[in-house]
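Enquirer: Residue numbers (my numbering): 2 to 475.
A virtual CB, placed ideally from N, CA and C, is assigned to each residue, including glycine.
Dropping a structure here in structure tokens format, bear with me for questions.
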Ligand code: UDP
């Protein structure tokens with residue numbers, strides 16, 4: 002890809018989707034690029050930037066990089082909008098209308114060597130093409146998930162989607178590289194519709210068109226985990242950079258201080274002291290990430306399952322994560338459950354998740370299978386029970402159980418008996434089996450970001466390419 006022109010001082014604009022997961026990934030990448038001598042302008046929305054500064058010591062921390070600066074843009078949503086999962090469509094639409102014209106003005110071929118934008122931002126390809134600046138898309142979801150998005154046009158053409166009948170357990174043969182693995186229920190949740198005109202389907206179809214327009218694709222994964230899927234992307238993009246797991250990659254190149262945090266919620270560190278007093282590998286960490294929500298009914302099922310399993314647990318209950326539904330006597334039930342929780346459970350509103358997963362007392366992770374959470378669990382060798390909520394999570398949970406054998410996929414069954422049974426399996430009867438697999442994968446993950454590892458070399462290659470990147474002019 003690089004042409005032979007001489008390098009200018011390399012400078013990238015990084016523009017993440019303004020949500021916790023993409024923010025974490027892109028900030029890690031930004032630091033890695035700065036360490037390699039690439040200048041970075043990091044574009045945050047006002048909302049995210051304000052929360053980042055309020056919840057962490059970021060302002061001081063990032064000041065240590067003379068070649069990193071932040072710029073903010075409005076996201077166009079009212080401040081009180083909760084920006085949870087059901088609002089993502091609105092957020093993307095609003096960014097397109099309000100933030101993209103400002104972004105366009107920031108992009109100049111004289112000062113910007115390359116744009117790195119979230120893969121969902123169609124406008125980035127338009128701006129890059131119009132202004133004449135190279136573009137790399139970084140979709141921070143899993144490559145296996147993204148691939149299942151990009152195959153949507155093919156599945157429509159093959160007559161596999163919309164599904165011709167209601168059987169969600171049928172295999173989907175039409176996704177190259179995933180034959181025999183993916184059932185209909187393992188596709189992203191938006192596939193469960195008959196209506197191709199709904200906004201989310203239109204958004205995905207649009208993404209399938211603009212992703213191949215970029216000069217390359219960056220992924221937060223490592224070759225040893227996803228080689229077969231990554232090789233599929235080589236058919237649609239000239240260059241693939243698998244540089245993850247980024248949080249570990251950053252630690253391996255330049256260990257950040259203990260208190261570095263990119264959270265946009267205030268982390269409750271008291272859970273670490275609680276973990277310190279628990280036996281080794283005895284605690285199940287429970288979290289559904291930054292966007293997913295549960296109904297009160299699901300919350301009660303999960304809670305009963307946790308208590309009936311007899312396992313110790315540390316549970317993140319995000320304040321905005323429980324949605325109203327009509328469950329009689331919810332307050333009485335939760336008071337009773339809270340009493341039982343005191344014996345062996347601990348609840349926080351937001352945890353320092355990487356630190357929690359690295360803690361020796363944690364033996365497993367009940368997760369919504371967000372891609373960051375999945376990678377963070379893999380790096381720490383913690384087996385998972387997966388309860389996917391949306392987007393790539395249904396695919397990730399399938400890969401965790403079926404391909405990588407790192408845990409159990411609960412999928413669509415939020416029932417107290419199922420939950421209790423799976424916890425007993427993960428933390429009891431099959432503990433050794435899962436631990437062995439998880440330890441082996443953790444070693445591969447760490448090796449990939451160590452000197453000479455696959456992700457280490459891919460990052461070096463990315464930096465070199467950025468230094469020489471130009472759009473050829475006629
Ligand atoms: N996270 C955290 N504390 C919590 C819960 C989540 O720091 O209590 C972080 C977690 O470490 C991960 C991110 O939030 O990096 C969530 O991203 P993920 O892709 O797993 O899921 P999403 O929130 O995007 O659904």
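Along the chain, where does the beta strand (DSSP E) that runs through residue 364 open and close?
Expert: 363 to 368
Enquirer: Tell me which same chain residues have a C-beta within less than 6 Å of the C-beta of residue 346, skipping the five on either side of it?
Expert: When the five nearest sequence neighbours on each side are left out, the beta carbons in the same chain lying within less than 6 Å of the beta carbon of residue 346 are those of 314, in order along the chain.
Enquirer: What residue range does the alpha helix (DSSP H) around residue 463 cover?
Expert: 455 to 469
Enquirer: Return the chain-ordered list of same chain residues with a C-beta closer than 6 Å to the C-beta of residue 222, the five sequence neighbours on each side being excluded.
Expert: 144, 243 and 245
Enquirer: Would you report the Cα separation of residue 290 and residue 404, rounded to the nearest angstrom?
Expert: 23 Å
Enquirer: Can you grab the Cα-Cα spacing for the pair residue 130 / residue 238, in whole Å?
Expert: 16 Å
Enquirer: Please classify residue 141 as buried or exposed, where buried requires at least 16 other C-beta atoms within 10 Å of its C-beta.
Expert: buried
Enquirer: By the three-class DSSP mapping on this structure, what secondary structure does residue 217 have?
Expert: strand
Enquirer: Quick one, which of 260, 342, 178 and 121 has its alpha-carbon nearest residue 56's?
Expert: 260
Enquirer: Should the region 359 to 371 be called in touch with the region 379 to 388, which here means at least 3 C-beta pairs below 8 Å?
Expert: yes
Enquirer: Using a Cβ-based criterion (distance less than 6 Å to any ligand heavy atom), does residue 230 qualify as near the ligand UDP?
Expert: no
Enquirer: Would a C-beta distance cut-off of 7 Å place residue 211 and residue 113 closer than the cut-off?
Expert: no
Enquirer: Any idea what DSSP makes of residue 70, helix, strand or coil?
Expert: strand
Enquirer: Closer than 6 Å to a non-hydrogen atom of the ligand UDP - does that hold for the CB of residue 395?
Expert: no
Enquirer: For a test of the three-state rule: what should DSSP assign to residue 43, helix, strand or coil?
Expert: strand
Enquirer: Among 342, 90 and 250, whose alpha-carbon lies nearest the alpha-carbon of residue 445?
Expert: 250
Enquirer: From residue 294 to residue 389, what does the alpha carbon distance come to, in whole angstroms?
Expert: 11 Å
Enquirer: Here's the rule: buried if 16 or more other CB atoms are within 10 angstroms of the residue's CB, otherwise exposed. What is residue 324?
Expert: In the assembly as shown, residue 324 is an exposed residue. Its beta-carbon has fewer than 16 other beta-carbons within 10 Å.
Enquirer: State the start and end residues of the unbroken alpha helix (DSSP H) segment that holds residue 313.
Expert: Segment 313 to 317 is the beta strand (DSSP E) holding residue 313; no alpha helix (DSSP H) there.
Enquirer: For the putative contact between residue 125 and residue 116, defined by C-beta atoms under 8 Å, what is the C-beta separation to the nearest angstrom?
Expert: For residue 125 against residue 116, the beta-carbon gap comes to about 6 Å, under 8 Å, which counts as contact.
Enquirer: For residue 17, name the three-state secondary structure that DSSP assigns.
Expert: Of the three classes helix, strand and coil, the one that applies to residue 17 here is coil, per DSSP.
Enquirer: Evaluate the contact criterion for the region 195 to 214 versus the region 143 to 163: three or more CB pairs, one atom per stretch, below 8 Å.
Expert: yes
Enquirer: The alpha helix (DSSP H) spanning residue 307 covers which residue range?
Expert: 297 to 310
Enquirer: On the CB-based measure, 16 or more other CB atoms within 10 Å of its CB, does residue 236 come out buried or exposed?
Expert: Result: exposed.
Enquirer: Would you decide whether residue 327 is buried or exposed? Buried here means 16 or more other CB atoms lie within 10 Å of its CB.
Expert: exposed
Enquirer: Who pairs with residue 172 in a beta bridge, going by DSSP?
Expert: 184
Enquirer: Can you tell me whether residue 185 is buried or exposed? The criterion is at least 16 other CB atoms within 10 Å of its CB, across all chains shown.
Expert: Buried, because 16 or more other Cβ atoms sit within 10 Å of the Cβ of residue 185.
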